[in-house]
Structures are given as C-alpha cells and as structure tokens.
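Notes to accompany the following structure.
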Amino acid sequence: MFEEFKKFAMRGNVVDMAVGIIIGAAFGKIVSSAVNDLIMPPIGMLMGGVDFSNLYVNLGDEVYANLAAAEAAGAPLIKYGVFINTVLDFVIVAFAIFMTIKLMNKLKKEEEEAPPAAPPEPSEEVKLLREIRDALSKR
C-alpha cells in the first residue's frame, strides 16, 4: 500500500498540481495586497468612504443601534452589506487578475513574435568539408 501511495504521490501530475497550488497561494497574497493596498484606497476615496458592511436587516423585534450591537445580542440578521462588500471585493480581485493575465499574455506574445536568432556561422572545419564535398561532386 505504501508503494502504491508513493507511485501516486510522485507522479508528474500530482507534483505539478502541488507546485501550482503553492504558487497560487503566494500569487493570491500578491493579488490581495495589490487590491487592498493599491487599488482599494483610491476607490474608497472616489466613493467617499462608503462602507456597506454595516447594512443589515433585523429579523427580530428589537431595534439595535448598529450591526455590532445586534450581533452581540444574538439577533437574527440578514447582513446584506457584508455580501455586497464580498461581491465588490471579488469583482475587483477578478479584474486585477484579468489585467495581470492580460499583461502576461501580451509579454508572452511579444516574446514569441521576436525573430529567431540567426544560426551560428559554420566552423572552419565544416566549411572545408563542404568545399571538399563540392569539389568531389564536380568530378
């Protein structure tokens, strides 16, 4: 059973997938930092600091001053503001990833379109052998 597991774990697909997951997690941190530290501050400034996270519907009978008080009291709540924030975060992250992939594809395309390097000039021995071949073929 151990040998079977070892064969499974050491297959190329499993190792490639593990590497992809690790790199994906690291890339996720980069994207999260870009969104939270670079993209969200200007968007927050443009929107006037709007924060949807405190929007909710109280399903209970009591009235609460804010979301924190309602949560502390254990009131049944529909926190649609948190959902709106999550959807906005997703859209921003998805757009940031889209732009990153688009840039990477553009750079890759430019790399592929670059003209191939000229083949190296043949060595002196190869030139001499070609001359001998051509001389022999003329006889």
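As numbered in this note's numbering, residues 380 to 518 make up the sequence shown, in order.
Beta carbons: idealized from backbone N, C-alpha and C, even for Gly.
Since this is a predicted model, take the numbers as computed values, not measurements.
Legend entry - Rounded separation between I401 and V410 - CA only: Start at 1 with the first residue of the sequence shown, and residue 401 comes out as number 22. Start at 1 with the first residue of the sequence shown, and residue 410 comes out as number 31. One Cα belongs to I401, the other to V410, and the distance between them is close to 14 Å.
Legend entry - T479 Cβ short of 7 Å to the ligand ATP heavy atom set: Only the bare structure without any ligand can be found here, which leaves the ligand ATP out of the picture.
Inset, instruction - Just mark A449 as buried or exposed, buried being the case when its beta carbon has 16 or more other beta carbons within 10 Å. - result: The residue labelled residue 449 in the question sits at position 70 within the sequence shown. The residue in question, A449, is buried, as its Cβ has 16 or more Cβ neighbours within 10 Å.
Legend entry - Cβ contact (3+ pairs, closer than 8 Å) linking the region 449 to 459 and the region 422 to 436: Taking one beta carbon from each stretch, the region 449 to 459 and the region 422 to 436 have 3 or more pairs nearer than 8 Å; the two touch.
Inset, instruction - Measure the alpha-carbon distance for R509 versus K517 and round it to whole angstroms. - result: Taking the first residue of the sequence shown as 1, we reach residue 509 at position 130. Taking the first residue of the sequence shown as 1, we reach residue 517 at position 138. Taking the straight line joining both Cα atoms gives about 12 Å.
Inset, instruction - From the DSSP output, in three-state form, read off N392 for me. - result: By 1-based counting over the sequence shown, the position of residue 392 is 13. DSSP places N392 in helix when its eight states are reduced to three.
Inset, instruction - With a cut-off of 8 Å on the beta carbons, I'd call L473 and A413 a contact; round off their distance for me. - result: Stepping through the sequence shown from its first residue, residue 473 is reached at position 94. Stepping through the sequence shown from its first residue, residue 413 is reached at position 34. Sequence check: residue 473 is Ala here, not Leu. Going by Cβ atoms, the distance from A473 to A413 rounds to 13 Å, so no, they are not a contact pair.
Legend entry - Expected contact under 8 Å - CB spacing of A454 and E441 to nearest Å: Locating residue 454 in the sequence shown gives position 75, where the first residue counts as 1. Locating residue 441 in the sequence shown gives position 62, where the first residue counts as 1. The C-beta distance from A454 to E441 rounds to 7 Å, short enough to fall under 8 Å.
Inset, instruction - Measure the CB-CB distance between F387 and V393 and report whether it falls below 8 Å. - result: In the sequence shown, residue 387 corresponds to position 8, counting from 1. In the sequence shown, residue 393 corresponds to position 14, counting from 1. Inclusion of F387 and V393 in the CB contact set at 8 Å is warranted, their separation being smaller than that value.
Legend entry - Three-state secondary structure assigned by DSSP to N445: As a first step, residue 445 is located in the sequence shown; it is residue number 66 there, counting from the start. Coil, per DSSP.
Legend entry - Opposing strand residues paired with V471 [DSSP bridges]: Your numbering for residue 471 matches position 92 in the sequence shown. For the record, residue 471 in the displayed sequence is Ile; it is not Val. Under DSSP, I471 forms no beta bridge with any residue.
Legend entry - Cβ shell of I463 (< 6 Å), same chain only, five flanking positions each side left out: As a first step, residue 463 is located in the sequence shown; it is residue number 84 there, counting from the start. Within the same chain, Cβ atoms closer than 6 Å to the Cβ of I463 are found at F431, the five residues on either side in sequence being excluded.
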